[in-house]
Amino acid sequence: MAAPRFRLLRIMAAPLRLLLLASLTVFAPFASADLDAQRDAFRQAYALARGGDPGWQRYAPQLEDYPLFPYLEAAALEHDLDHVGRAAVEAYLKRWPDLIPAADLRRDFLQELARRQDWDDFLALYDGRGGDALACAALQARLAKGGTLDFDRDLAALWQQPSLPDACDPALAWARDHGLLTRERVWARIERAAEAGAAGTVAALTPWLPADEQDAARRLADALRDPAAAMAAAANWPDTPRHRLAVVLGMPRLARSDSARAEAAWRALSTHFAFTPGERDRILAAIALYRATDFGDDAAQRLAELPAGAQTDATREWRVRVALAARDWNGALAALDALSPAQAEDAEWRYLRARVLEVLGRKDEARPLYEALAREANFYGFLAADRVGAPYAICPASLAVDDEDARRVLALPGMQRAFEFHALDMLPQARREWARAWDALDAADRRVAADLAYRRGWYDRAVFAFSSGETLRLYEQRFPLAREDGVRRAARAAGIDPAWAYAIIRAESAWVADARSGADARGLMQLLPRTAAQLAKAAALPYAGPDSLFDPTVNIPLGTRYLARLEDRFGNPWLASAAYNAGPDPLGAWLSARGDLPPDLFIATIPWRETREYVARILAFSVIYDWRMHGRALALSARMPAIGVTYAPPAADAARKPVVCPAPPQAEDAASTVTQRPPAPR
């Protein structure tokens, strides 16, 4: 058997950063004066090539051995796609057949050929790859050349998609005109699209139906787009299977936005339509669930009375949350008993069972549950440890990478391109090259590559790579103390705990510096430009517009100031974290309704799953980062004062809990030699 190429070591004696000193020469950046010159030349040449300036070619002699050299000609060709010839593109594809810019160039040139309707060149170059738009263009090309289409061969797979690009319209129109898209096939696609919530596809396909069937399709689209109006009108619809489907899809959407209105609509519709048991259960479950998330007065009764067929994991868990909110401890225990076996194993429900038992005075039953949980390194494990006065259980490990393996992985062309783009701060391109190279690696080399990325400051690659199984113990890589001086300085200036700032960065962006959300939140701490501008003005901090938020030196000072503002408003970091995720107004409403609950139970009753899990994650990450910085960890209970109780950020010399690995793991083979220790104070 071949010798292992890496070892996973539990750490025992020295600080984490000292364990890898022997291999720093392998992991150090390979920049040199020549490489720096090549990088500068590439930046200039790439800008010229993208702008269509042939002057990029004067840099070619200096860059021919540079890993990113193939991107230059591709950029020049991309700029000239509207008049470039097939021969030039094919010549590039022949030179660099397996590279990302080659695939991009082929795709973009094919799209240009389709726009020109140059079907001869299109068919000569098309290789069957590139997505639905090119697949449909190929069908259009065949039709233009006098061919025909067969549904099973050419359209069946496309027809399964909830939505298709506009490039498919010509082929679909031909298929419809030639009888390939029968009413049965059109309805099948409409129903799939409706189940997927694709109202636009339903509406687009409606005219393809016989005239006497179009109303039913329009009502499906209406149920998705405006469920309140559709459900109000549904009492006048005939009782047909497709109208029932519209109600089944519309009622949960209405219940989510207005559970009381959904309840009123159901009273009228439940007798108007002859729903099947499955349809009725689906609607009842949705109404009960959203009555629960609204904490309606009848929520507990509705959830308890759901028929067995309507019970879901969501309705079962919300029976617990509603009972906790009402301080109905016996009801909460009954709801916990009703969880599915798989649910009952989750750390949250094990903790809440112990918590309810403790409140009921059954401490002898609660303690062993707490003690078992206290051996786990998660939010509920940390809470449980505090309940029984146990140390936190964290078993760190270090990845011992062989120098030769590190050099070999680093020499892979795809990895070279990925790391070069990262060095150039061209992060989207770096991630694409990384993903392509990553897919070709085995498990051992993936660990080597991720550790290389960590050593070079590309922290998010390690965070994402070490996210399951035994790699969860690689705390150094998973929770990097990156930009430590800047984070500590910004936190100190804002008056907040640095461990909390680190936890927010880790949860918000996972150290992806150019992260951008659908709501336009940007950078490491995911700030909205409007908020950033206000903060910068108030605190006289640097800010040069939205894109400057991708600069950590701008983002972190502004983000920590925003955390401080929320902490001032809500009194402590755990509530401020909820506001950071959900917004101050929703949190204010939750506090008005349930602000008398203890912190752990308040978190359990946050209506929005994303925010509920976010707060738990921030608190757990705060413990881990505090331990990474100090070798011990501030008690989670100290981070979670009761609502209204004064909170002060912990001092560097504040009392902290010990962190231990409670028991050695089971015997391991030579491939994973292990020792243990918590990190020394820093």
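Going letter by letter, the sequence shown gives residues -28 to -1, 1 to 654 in mature numbering (1 follows the signal peptide of the UniProt record, and there is no 0). Where is the CB? At the ideal position from N, CA and C, for every residue including glycine. From a predicted model like this one, the values you see are computed outputs, not experimental measurements.
Using beta-carbon positions only, say whether residue i and residue j come within less than 8 Å of one another.
| i | j | result |
| --- | --- | --- |
| A338 | L345 | no |
| F629 | P400 | The residue asked about is misnamed: residue 629 is Lys in this sequence, not Phe. Not a contact, by the Cβ cut-off of 8 Å. |
| A205 | A240 | no |
| C108 | P137 | yes |
| A143 | Q112 | yes |
| R533 | L513 | yes |
| A425 | A415 | no |
| Y31 | A59 | no |
| A454 | W472 | no |
| T173 | A165 | yes |
| A588 | F351 | yes |
| C633 | A365 | yes |
| A390 | E405 | yes |
| L496 | I528 | yes |
| L446 | A369 | yes |
| A236 | T212 | no |
| P501 | P524 | no |
| L121 | L152 | yes |
| Y43 | Y18 | yes |
| R359 | Y342 | yes |
| P545 | D486 | no |
| A576 | R254 | no |
| residue 707 | V328 | The chain is shown only over -28 to 654; residue 707 falls outside these bounds and no answer can be derived. |
Quick check on residue i: does DSSP put it in helix, strand or coil?
| i | result |
| --- | --- |
| A365 | strand |
| R488 | strand |
| P(-14) | Its pLDDT being 34, under 50, P(-14) is placed unreliably by the model, and the measurement read from it follows with that caveat. Coil at P(-14), not helix or strand. |
| A605 | strand |
| T577 | coil |
| G103 | coil |
| I476 | helix |
| residue 689 | A question about residue 689 goes unanswered here, because the residues of the chain that appear run from -28 up to 654. |
| G560 | helix |
| G616 | coil |
| S229 | helix |
| F94 | helix |
| F41 | coil |
| A(-7) | Residue confidence is low: A(-7) scores 35 on pLDDT, short of 50, so the model does not pin down where it sits. Its coordinate-derived value is still stated next. A(-7) falls in the helix class under three-state DSSP. |
| Y352 | helix |
| K117 | coil |
| E235 | helix |
| V56 | coil |
| L399 | helix |
| W159 | helix |
| N544 | coil |
| W483 | coil |
| F(-2) | Interpretation of F(-2) is limited by its pLDDT of 40, a score under 50 that renders its predicted location unreliable; no figure is taken from the coordinates. |
| G342 | It should be noted that the sequence gives Tyr, not Gly, for residue 342. The answer is helix: DSSP assigns Y342 an H, G or I state. |
| E36 | coil |
| E539 | helix |
Which residues does DSSP list as the beta-bridge partners of residue i?
| i | result |
| --- | --- |
| V294 | In DSSP, V294 forms no bridge with anything. |
| V631 | Y364 |
| L127 | None; L127 has no bridge partner. |
| R494 | R488, L499 |
When burial is assigned at 16 or more other CB atoms within 10 Å of the CB, is residue i buried or exposed?
| i | result |
| --- | --- |
| V617 | exposed |
| R450 | buried |
| L(-8) | No answer about L(-8) holds up, because its pLDDT of 34 lies below 50 and its placement is not dependable. |
| S312 | exposed |
| P279 | exposed |
| F2 | In this prediction, F2 scores a pLDDT of 45, lower than 50, which makes its location untrustworthy; the coordinate-derived value is nonetheless stated afterwards. Exposed: under 16 other Cβ atoms inside 10 Å. |
| D194 | buried |
| L521 | buried |
| D52 | exposed |
| G222 | buried |
| G441 | exposed |
| residue 720 | Residue 720 cannot be examined here, being either before or after the span of the chain that is shown, -28 to 654. |
| T178 | buried |
| N302 | exposed |
Looking at residue i and the ligand ZN, is the gap between the Cβ and the nearest heavy atom below 7 Å?
| i | result |
| --- | --- |
| A32 | The ligand content of the structure shown is nil, which means the ligand ZN is not present either. |
Does residue i come within less than 8 Å of chain C when only Cβ atoms are used?
| i | result |
| --- | --- |
| D93 | The displayed structure is made up of one protein chain only, and chain C is not part of it. |
*Mind listing, in chain order, the continuous alpha helix (DSSP H) runs of no fewer than 4 residues lying wholly within the segment 410 to 440?*
415 to 427, 431 to 437
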